[in-house]
Structure formats: structure tokens, C-alpha cells
Amino acid sequence: MVQNLPVKTLKHNDLTIEGYSRAAVQTYWRFPELKLGFDLGAQPWSFMGTETWFVTHGHLDHIVALPVYVARRRMMKMTPPTIYLPTATIEPIQKILRQFTRLDRGRLPCELRPVEPGDEIELSRELVVTAVATTHTVPSLGYVVWDRRRKLRGEFQDLSGDQIRDLRLGGTEVTEEIRRPRVAYLGDSSPAGLDNSPIMYEAEILICELTFVSPDHRKDKIHKFGHMHLDDLLDRRERFHNELIIAAHLSTRYHAKSVRAIVERAIPDMLGGRLHLWL
Ligand SMILES: [Zn+2]
Ligand SMILES: [Zn+2]
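Just so we're aligned, residue 68 is where the sequence shown starts under my numbering, counting upward by one.
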């Protein structure tokens with residue numbers, strides 16, 4: 068397999084998290100078991116087989132590889148991918164694709180689907196994605212991936228199979244829908260984006276942006292530019308009910324070593340071992 072870009076991998080329960088994210092460089096994530104990815108700031112060759120993507124916003128480090136990805140799938144004779152994007156990004160991206168087609172004389176077949184906050188996207192019977200509003204400097208979205216099951220209602224738990232079948236045949240709804248937020252992906256956002264969608268705090272895995280960690284980077288400015296600071300994480304430490312909190316999108320102003328040192332000094336227990344720095 069061609070290795071054209073860095074990819075870090077982490078296993079959590081039955082899910083594999085693959086990705087890379089540094090501010091102003093490039094951001095891309097993939098969950099192979101869920102058959103979906105987030106953001107197209109670059110496209111590792113190994114990610115090409117995943118045909119469903121969710122883009123958070125139109126900044127180059129999150130979207131610029133979209134034409135490359137679409138072209139590669141066409142070249143490899145794969146089906147056109149489906150890419151979900153904030154509505155405001157659709158028209159500019161369509162124009163960009165047309166210009167690349169002029170340059171390269173190759174078609175760029177893909178399905179671009181506009182997404183608004185609150186939208187619900189059914190990927191399969193068991194898999195649903197919802198979009199949430201985030202707070203950045205351009206139209207932006209976060210995404211939550213849900214596991215959806217139907218379960219026998221509590222009041223019928225003690226009935227026999229025959230009794231349940233009779234109820235069902237009589238028109239009674241014997242099951243109920245159970246949803247479990249598995250992955251929450253914030254994308255780029257100030258802390259308000261997290262606070263406005265409390266479900267982010269409940270997902271099994273949260274991928275949270277943490278662009279700034281240094282005490283001398285001013286928070287008011289950081290928030291204005293639609294990003295988060297380590298202090299924002301600290302202020303909310305009791306709110307995180309996630310099993311795993313991935314902090315990513317760190318500024319290139321920091322070396323990995325200094326990020327680790329600053330974060331471990333501020334949060335010595337690393338949120339009970341749940342906080343993972345994506346470096
Ligand atoms: Zn970014
Ligand atoms: Zn951005």
C-alpha cells in the first residue's frame with residue numbers, strides 16, 4: 068500500500084480511529100468499521116476505499132483533497148462517493164470541480180449532499196449520523212454517529228415468544244428504538260459549539276479540537292477565531308462523560324513534547340486516563 072501521508076491509529080472497543088489533524092496543515096479521520104470518514108484536508112491512499120465522508124467546513128485544511136479523492140476513485144473504477152457538506156460549501160465546491168475537470172479533462176463524479184444543523188442522515192438500519200451547529204469563522208458543522216437498535220419494550224420482557232408474537236400480530240408495537248451516540252466529531256469550533264450540543268459530552272468517543280494549549284495564547288482571541296484552548300477543556304472537565312476524549316488539531320506552533328508537558332501539568336490524571344492527545 069502506498070503511504071503518502073501520516074496516519075495515526077487507535078483502537079477503542081470495536082472501533083478503529085485513524086487520522087491526522089494539525090491546525091492549518093491538514094485534517095482527516097476515518098472509522099473503517101463504520102465505513103465513514105470526516106474531513107478531506109488530505110487523503111491517505113489507504114482511505115480511498117471509504118465511500119462516505121462528512122466535511123465540517125470549507126477551510127482548506129479540511130476540504131482541499133476533495134477533488135483528489137473523487138478523481139482517485141474514478142481512476143480506480145470505484146463507485147462515485149457520497150460527501151456530506153455544509154450547504155454553503157456546495158456551490159463553491161461544484162465550481163471548483165468543474166474547473167478541475169477543465170484542467171484535467173477528467174470527470175469528477177460524486178454525490179455532494181448539503182447538510183444543515185439538526186439534519187439526520189440514515190446510513191443504514193443501525194447507523195445514523197446527525198449534524199450539529201458549531202461555532203467557527205465560516206459555516207461549520209459537527210457530526211454525531213449513532214448506533215440504532217430496536218429492543219423489546221421493558222413491559223414485555225417477561226413474556227414468552229408466543230405471547231410476544233400474538234401481541235405483534237394484534238398490532239401492538241412490542242419494540243422500541245434505542246440510540247447510542249458512539250462517535251462525536253466537533254471539527255473546528257470555539258467552546259460554544261461543544262456546549263450547544265451536550266450530546267457531544269455523552270458520546271462513547273469524542274474527537275475534540277484543541278488548537279491552543281499555551282498559557283500565553285489569549286483565550287478571547289482564540290474564541291473569536293473559532294477555536295479552543297486547554298483552559299476550556301479544564302473548565303468543562305466534569306462534563307465529559309465520554310469513554311475516550313481525543314484532543315486534536317493542535318497548532319503547529321507547538322512541538323509534540325511541549326504539548327504533552329503543558330497538558331500533563333494542567334490535567335495530571337488526563338481526565339482519568341480518558342484524554343488522548345492526537346500527536
Ligand atoms: Zn482547521
Ligand atoms: Zn477551520
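Every residue, glycine too, gets a C-beta built ideally from N, C-alpha and C.
For Pro-153 against Leu-219, the beta-carbon gap comes to about 39 Å, at or over 8 Å, which does not count as contact. Residue pairing of Leu-152 in beta bridges, as defined by DSSP: Pro-181. When DSSP states are grouped into helix, strand and coil, Tyr-95 belongs to the strand group. The bridge partners DSSP lists for Trp-213 are Val-195 and Pro-248. Taken atom to atom, the span from the alpha-carbon of His-203 to that of Ser-257 is near 6 Å. Counting along the chain, Gly-104 sits inside no alpha helix (DSSP H); it lies in the beta strand (DSSP E) bounded by residues 103 to 105. Gln-161 and Leu-179 do touch by the CB rule: their CB atoms are close to 7 Å apart, below 8 Å. Residue pairing for Arg-89: DSSP places it in a beta bridge opposite Gln-93 and Leu-317.
When DSSP states are grouped into helix, strand and coil, Ala-259 belongs to the helix group. Judged by pairs of C-beta atoms under 8 Å, the segment 229 to 243 does not touch the segment 269 to 288, as fewer than three such pairs exist. Non-local C-beta neighbours of Leu-103 in its own chain, meaning closer than 6 Å and more than five positions away in sequence, comprise Thr-119, ordered along the chain.
Here the alpha carbon of Asp-214 sits roughly 11 Å from the alpha carbon of Ala-270.
The beta carbon of Glu-100 is closer than 7 Å to those of Asp-81, Leu-82 and Thr-83 in its chain, skipping five residues each way along the sequence.
For Ala-90, the shortest C-beta to heavy atom distance toward ligand 1 is below 7 Å. Residue selection by CB proximity (closer than 5 Å to any heavy atom of ligand 2) returns His-126 and Asp-255 in chain order. With fewer than 16 other Cβ atoms inside 10 Å of its own Cβ, Arg-169 counts as exposed.
Between ligand 1 and Thr-202, a heavy atom-to-CB distance of less than 7 Å is absent. If the five residues before and after Val-205 are omitted, its C-beta is found closer than 7 Å to the C-beta atoms of His-124, Gly-125 and His-126, all from its own chain and listed in chain order. Taking the Cβ of His-316 as the reference point, at least one heavy atom of ligand 1 falls within a distance shorter than 7 Å.
Shortest gap from the CB of His-343 to any heavy atom of ligand 1: 7 Å or more. Sequence-distant partners of Arg-249 (beyond 5 residues in either direction) whose C-beta falls short of 6 Å from its own C-beta, in its chain, are Val-212, Asp-214 and Glu-271.
Taking the CA atoms as reference points, Glu-85 sits about 6 Å from Trp-96. Taken atom to atom, the span from the alpha-carbon of Leu-234 to that of Arg-246 is near 24 Å.
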